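Visitor: Got a structure for you, written out below as structure tokens; questions coming shortly.
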Amino acid sequence: MKVFTARDLTQSHILDLKNKGLSIGLVPTMGALHQGHLALVKQAKQHNDIVIVSIFVNPTQFNNSSDLEKYPRTLEDDLKKLQSVNCDLVFTPTTEEMYDANEKAEIFDFDGLDKEMEGKFRDNHFNGVGTIVKKLFNITTPTNAYFGEKDFQQLQIIKKLVEITQQPVNIIGCTIHREADGLAMSSRNTRLSKEHRESAPFIYETLTQAKKLANTSTPSEVEKYVSDKFNNHHNLVLEYFSVANENDLKTATSFSNTQKQRGFIAAFAGEIRLIDNIALYELSN
Ligand code: PAF
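Using this note's numbering, the letters of the sequence shown correspond one by one to residues 553 to 837.
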């Protein structure tokens with residue numbers, strides 16, 4: 553497994569591979585890798601000749617400097633995990649390699665997708681994500697790029713990004729990986745206190761109950777149900793729960809047979825912010 557920090561070297565190495573007719577799968581990450589990331593790598597391995605994982609904690613997508621500072625950084629361990637799933641290349645640049653001094657996030661017109669849910673609480677977050685993903689696509693020129701559905705809003709925004717930038721890459725969304733108790737895998741889970749880790753599966757439990765309720769209720773009734781559940785919880789604080797359409801991420805006022813809809817949630821476990829979501833329709837597989 554090759555490990556590169558320089559973008560020029562990465563770019564020229566990938567160009568050589570592409571000149572040999574090889575397809576490239578990219579899994580962009582911020583490190584602190586867990587089984588969910590490794591599942592993305594395994595999926596990418598099935599469909600591409602070469603799999604690249606990028607590890608870069610992207611400053612422009614953090615709107616809270618303490619969250620950026622405290623974001624777990626476990627490069628050595630990450631590299632071992634990637635070796636174990638036969639990753640071919642890791643691109644792990646420094647901030648200076650990716651950004652000029654004082655460079656800010658590019659501003660994109662995501663057609664309102666960035667104004668819903670996470671966008672209401674994380675100012676400029678998706679411009680930061682768009683900025684770094686555009687740069688990573690330019691450097692690695694992937695055939696396919698893989699993103700987890702835990703960040704479903706991010707996935708939809710990245711699909712919009714490639715529409716805007718015309719970068720020739722297929723965006724593949726991959727199902728959420730969960731711990732045995734239902735908690736969605738996330739790099740942030742390692743920062744949960746013992747007490748909050750024990751409480752955190754409540755988030756997915758509530759989502760599954762919300763899904764059942766969706767058969768017989770309106771979206772606002774389901775939203776009230778979720779908010780009441782959290783109001784009665786001793787150490788989890790709901791930031792939002794919203795029933796929204798998958799395609800435009802707009803809040804749904806009624807359940808629909810023609811629109812795919814999901815329940816989206818963000819909650820605080822102490823100072824750790826966790827997000828999750830659930831499809832409110834039956835998945836075919
Ligand atoms: O989902 C993430 O880990 C990040 O937002 C991404 C896509 C790697 C961009 O920094």
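Beta carbons: idealized from backbone N, C-alpha and C, even for Gly.
These numbers come from a predicted model, not from an experiment.
Whose C-alpha, out of I576, D800, P580, T683, is nearest the C-alpha of Q708?
Guide: Q708 has its Cα closest to that of D800, out of I576, D800, P580, T683.
Visitor: Should the stretch 815 to 826 be called in touch with the stretch 678 to 689, which here means at least 3 C-beta pairs below 8 Å?
Guide: The stretch 815 to 826 vs the stretch 678 to 689: no contact.
Visitor: Could I get the ranges of all uninterrupted alpha helix (DSSP H) runs contained in the stretch 689 to 755, with 4 residues as the minimum, in chain order?
Guide: 704 to 717, 746 to 751, all fully within the stretch 689 to 755.
Visitor: Excluding the 5 residues flanking L744 on each side, which residues of the same chain have their C-beta closer than 7 Å to its C-beta?
Guide: So the qualifying residues of the chain are A752, A821, I824.
Visitor: In its own chain, which residues sit with a C-beta less than 6 Å from the C-beta of T683, not counting the 5 before and 5 after it?
Guide: T612, A657, E658, listed in sequence order.
Visitor: Among F556, T717, I710, which residue has its Cα nearest to the Cα of I723?
Guide: For the residues F556, T717, I710, the minimum Cα distance to I723 belongs to I710.
Visitor: Contact check, M650 vs V609 under 8 Å by CB: the rounded distance?
Guide: Incorrect: roughly 10 Å between the Cβ atoms, too far for contact.
Visitor: Is any non-hydrogen atom of the ligand PAF found closer than 8 Å to the C-beta of P694, if you look at the structure I gave you?
Guide: No; taking the cut-off as 8 Å, the Cβ of P694 has no heavy atom of the ligand PAF nearer than that.
Visitor: Which residues does DSSP list as the beta-bridge partners of V603?
Guide: Its beta-bridge partners are G577.
Visitor: Indicate, with yes or no, if the ligand PAF has a heavy atom lying under 8 Å from the CB of P580.
Guide: Yes, Cβ of P580 sits closer than 8 Å to a heavy atom of the ligand PAF.
Visitor: Tell me whether G577 is buried or exposed, calling it buried when 16 or more other Cβ atoms sit within 10 Å of its Cβ.
Guide: When all chains shown are included, G577 counts as buried.
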